[in-house]
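Visitor: Structure provided below as structure tokens; questions to follow.
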Amino acid sequence: MLQILDPAGKLVGKPPDLDGKDLVEMYRFMALGRRFDRRAMRLQRQGRLGTFPPGEGQEAAQVGSAYALEPDDWVYPSYREHATQLVRGMPWSVMLSYYRGLPNCDWDVHRYRMNIHTIPIATQLPHAVGHAHAARLAGENLITMVYFGDGATSESDFHSAMNFAGVWKAPTVFLCSNNGWAISMPTRRQTAATDLADKAIGYGMPGVKVDGMDVLAVYSATREAVDRARRGEGPTLIEAMTYRFGPHATADDPSLYRNESEVEAWRARDPLDRMRRYLDSLDLWSDDIDEQVADEASEMDQALAEIEGRERPPREEAVRHVYARVPEELSRQYETALRREESGSSGLEPDERWRIGHDPVLEGPTAHWNMAEAINAALGEIMDRHPEAIIMGEDVGRTGGVFRITAGLMDRFGAGRVIDSPLCETGIAGTAVGMAIGGARPLAEIQFDGFVYPAFDQIVSHMARFRFRTRSNVSLPIVVRWPNGGGIAPHEFHGDSPEAYFVHTPGLTVVIPSTAVDAKGLLAAAAESPDPVLFLEPKVLYRAGREDVPTGYYTLPIGRARIRRAGDDVTVVTYGGMVRVAMSAAGELERDGVSCEVIDLRTLKPWDRETVLDSVVRTGRLVLVQEPPRTAGMAAEVAATVAEEALYDLEAPIVRVAGFDAPWPQFGVEEHAIITPRRVVAAIKETLG
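Okay, here's the thing in structure tokens:
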């Protein structure tokens, strides 16, 4: 284990090449970090701050590592790196605002080159790797450093990040503050490895174990790792052996799982005492240093007074920053709440609202393409128009994907922009987040619908929330594509329709085209979006037919449905692979004199209420068709809205045609689960009486 100062502050190793000013500054930052922790703990007990995780005892690991970075490097913290924030120049007011529970408009991620706290354990690790890799592809020579605790090494995100970093030789430094406890779980119950640093070898990178209570040792190890990464030699894992003197967080009682003798043994190695003694041995110590620290720390009270004196954030802060513009449905929810409560709060400004356009008239030369060819063409156009665009996923490069959707794109744009990733959906989604933070425009592919579940946390916890959590400080222009739905006789987990999970999630846009023309234009629009878009491609339609598709670049409005067939007797609302089924049913009924209006939603979030409601008011009847399970699906959402808004215009009960509340079966049984035109015809006849 690397050590430079013993607990008495005496040299036992080669000191780093730092001058006296640097040494004093390192002590000062550690002391300020400790004062912040102690003051914040008291403020939480007084009810003036929310839950707070103190880092007292871990200051050397935080300051020593952060001091080794250059100003342009980036930091990805967990939630305890307060001393690191001070090194990066973050003001007291910004740090306190977070724990005050206020919108962090002042936490400028790009200004401080420090990402916002990450609460789900270890999930920030792939972000740091993606950011570093994208920056290197863009010609930037920056390093990302990511902080986490020993408990995080048990998470799958730790594996995905380390594996991606090793494969890509990403310029990332992994700093594990091993304080011996993941809340109440000791390290020995987290891993059978003797040292966490030993895990690095399996990922093709060096692992370094360092005395995390020795700020000079941490600095030296980090400096070497940073220099190595900047030379293009790849990542490093640093295990800093440290300790938290206090609780995990303000609600924790550490006396339940550790004894006082253990704490006292670690207090004998206090990093501040150790550094103070070393400075004294160099004749650099003066009591004026602690007086200066006290003066600086007193500014916390001024910052807190300013924060507590701020007016309460306006009510609309609860719905702002979910998207770049507030969707109509979210705006309606907000204004309904105001009206019902007779609140005096103001509404949203016109320029805050998401205005959905109408389909343009498409002109120019065309090609007779199927949906697969149209999507391939759209991806090529996006890559041409956006040099920062990156295609990434399993087998998307050399083989062009299992459905050959990305065929030929690696030859056109190179392996640096069309990336065959390791087989790990968590890593694909997580590194895409980091790439977007770093300025890239990721087009990530999940190989099959049933494989998106491992990526669920990254999509829901991070892609969807980053804008809201950073108050629009960070935009994530990410498109996540996957082949969706059944109908091709697949094996299990290859025919799922998981869209409802994501429609439920604020911050995501969900698009499902049903034609080649729409697929090309909607994918282009998704790539232009400043917010993450999930683009679900009905695999049953990839090569189901051809149509004339404009070969030039065009976009179609996200959020606008299309009436596929006009009619007067009944409204049929559907999307994706079921559009073809609904159209077939409508054609069959036309021969019996029944006029069906078929509406293709195209976008499930936000969906086009106006087009649906206008149609239902005219026809008085509604049939909804969806392939995935019936309960809590898109059909239920549309039905509830129609019942709320147009109940008295209905002449018959709403009818839903949906998949069974059962997993999608394997190919030998699939035909029994598929929704056929015959089932839709029966439902329409039912609503007609």
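Position 222 of the sequence shown, counted from 1, bears residue number 228 in this note's numbering, the numbering being contiguous throughout.
All residues carry an ideal CB built from backbone N, CA and C; glycine is no exception.
Verify whether the separation of the beta carbon atoms of isoleucine 728 and alanine 442 is less than 9 Å.
Guide: What the structure shows of the chain is the stretch from 7 to 695, and residue 728 is not part of that stretch, so it cannot be assessed.
Visitor: So, with DSSP's three-state summary, where would you put glycine 155?
Guide: Glycine 155 falls in the strand class under three-state DSSP.
Visitor: CB valine 93 to CB phenylalanine 35, shorter than 9 Å?
Guide: Cβ atoms of valine 93 and phenylalanine 35: closer than 9 Å.
Visitor: Roughly how far, in whole angstroms, is the beta-carbon of proline 132 from the beta-carbon of threonine 617, given that I think they are within contact range, below 8 Å?
Guide: So it is not a contact: roughly 39 Å between Cβ atoms.
Visitor: Relative to the C-alpha of methionine 211, which candidate in Met247, Ser183 and Val173 has its C-alpha closest?
Guide: The shortest C-alpha separation from methionine 211 is found at Val173.
Visitor: Would you mind reading off the limits of the alpha helix (DSSP H) that contains isoleucine 381?
Guide: Note, isoleucine 381: alpha helix (DSSP H), 377 to 391.
Visitor: For arginine 142, count the other beta carbons within 10 Å of its own beta carbon; 16 or more makes it buried, fewer makes it exposed. Which is it?
Guide: Classification of arginine 142: buried, given that the 10 Å Cβ count is 16 or more.
Visitor: Measuring only the C-alpha atoms, how far is aspartate 5 from methionine 584?
Guide: Outside the shown range of the chain (7 to 695) lies residue 5, about which nothing can therefore be said.
Visitor: Can you list the alpha helix (DSSP H) stretches of 4 or more residues lying completely in the stretch 484 to 513, in chain order?
Guide: Whole alpha helix (DSSP H) segments, 4+ residues: 505 to 509.
Visitor: Work out the CA separation of glycine 513 and aspartate 554 for me, nearest whole Å.
Guide: Their Cα atoms are separated by approximately 34 Å.
Visitor: Hey, could you find the ends of the alpha helix (DSSP H) serine 478 is sitting in?
Guide: From DSSP, serine 478 is part of no alpha helix (DSSP H); its letter is neither H nor E.
Visitor: In angstroms, rounded to a whole number, what distance separates the CA positions of alanine 203 and glutamate 245?
Guide: Looking at the two C-alpha atoms, the distance is approximately 5 Å.
Visitor: Is the beta carbon of serine 395 less than 9 Å from the beta carbon of leucine 449?
Guide: Checking the displayed sequence, the identity of residue 395 turns out to be alanine instead of serine. For alanine 395 and leucine 449, yes; Cβs fall inside 9 Å.
Visitor: Tell me, please, whether the stretch 568 to 581 touches the stretch 627 to 646 by the rule of three or more beta-carbon pairs shorter than 8 Å.
Guide: Verdict: yes, contact present.
Visitor: Comparing C-alpha positions only, which one of Pro192, Pro177, Gln130 and Leu354 sits nearest to glycine 157?
Guide: If we check each option's Cα against that of glycine 157, Pro192 comes out closest.
Visitor: Determine the direct distance from the alpha carbon of glycine 353 to that of arginine 471, and round the result to whole angstroms.
Guide: Each residue's Cα considered, the two are about 23 Å apart.
Visitor: Quick check on DSSP: helix, strand or coil for methionine 32?
Guide: Here methionine 32 sits in helix by DSSP.
Visitor: Could you spell out where the alpha helix (DSSP H) holding lysine 691 opens and where it closes?
Guide: Note, lysine 691: alpha helix (DSSP H), 683 to 694.
Visitor: Taking 8 Å as the threshold, find out whether the stretch 231 to 250 comes into contact with the stretch 63 to 70 through three or more Cβ pairs.
Guide: The answer is yes - the stretch 63 to 70 touches the stretch 231 to 250, with three or more Cβ pairs under 8 Å.
Visitor: Tell me, to the nearest whole angstrom, how far the beta carbon of leucine 285 is from that of leucine 11; I am working on the premise that it is less than 8 Å.
Guide: Between leucine 11 and leucine 285 the Cβ distance is about 11 Å, and since that is not below 8 Å, they are no contact.
Visitor: For phenylalanine 3, name the three-state secondary structure that DSSP assigns.
Guide: A query on residue 3 cannot be resolved here, the shown segment of the chain reaching from 7 to 695 and no further.
Visitor: Which partner residues does leucine 17 have in the DSSP bridge list?
Guide: Bridge partners of leucine 17: Leu11.
Visitor: Have a look at Val480, Val424 and Pro489 and flag the residue whose alpha-carbon is nearest the alpha-carbon of alanine 378.
Guide: Selected option, being the one with the closest Cα: Pro489.
Visitor: So, helix, strand or coil for proline 277, using DSSP?
Guide: Three-state DSSP puts proline 277 in a helix.
Visitor: Assign glutamine 68 to buried or exposed, taking buried as 16 or more other Cβ atoms, counted over all protein chains shown, within 10 Å of its Cβ.
Guide: So glutamine 68 ends up on the buried side.
Visitor: For glycine 639, which residues of its own chain have a beta-carbon under 7 Å away from its beta-carbon, when the five flanking residues on both sides are left out?
Guide: Contacts found: Ala506, Gln632 and Ala664.
Visitor: Check each candidate in Ser166, Phe164 and Asn147 and name the one with the smallest Cα separation from proline 177.
Guide: Of Ser166, Phe164 and Asn147, the residue nearest in Cα terms is Asn147.
Visitor: Could I get the ranges of all uninterrupted alpha helix (DSSP H) runs contained in the stretch 117 to 148, with 4 residues as the minimum, in chain order?
Guide: Segments of the alpha helix (DSSP H) lying fully in the stretch 117 to 148: 131 to 143.
Visitor: Using the beta-carbon count (16 or more within 10 Å), is isoleucine 207 buried or exposed?
Guide: With fewer than 16 Cβ atoms within 10 Å of its Cβ, isoleucine 207 is classed as exposed.
Visitor: How many Å lie between arginine 404 and serine 503 at the Cα?
Guide: When rounded, the distance between both Cα atoms is 27 Å.
Visitor: So, using beta-carbon positions, are histidine 497 and glutamine 339 closer together than 9 Å?
Guide: No, the pair does not count as a contact, with Cβ atoms beyond the cut-off.
Visitor: Are the stretch 287 to 297 and the stretch 71 to 87 touching by the rule of at least three beta carbon pairs closer than 8 Å?
Guide: As far as the Cβ criterion goes, the stretch 287 to 297 does not touch the stretch 71 to 87, which means the pair count is below three.
Visitor: Compare the Cα-Cα distances from valine 119 to each of Tyr559, Ile149, Gly626 and Met168 and report the closest residue.
Guide: The sequence given here has arginine at residue 119, not valine. Arginine 119 has its Cα closest to that of Ile149, out of Tyr559, Ile149, Gly626 and Met168.
Visitor: Hey, phenylalanine 164 and valine 135: beta-carbon distance below 9 Å or not?
Guide: Not a contact, by the Cβ cut-off of 9 Å.
Visitor: Taking the DSSP output, what are the residues bridged to valine 663?
Guide: DSSP, once it has assigned bridges, lists Val631 as partnering valine 663.
Visitor: Buried or exposed: which applies to asparagine 265, given that a residue is buried once 16 or more other Cβ atoms fall within 10 Å of its Cβ?
Guide: It is exposed - the Cβ of asparagine 265 has fewer than 16 other Cβ atoms within 10 Å.
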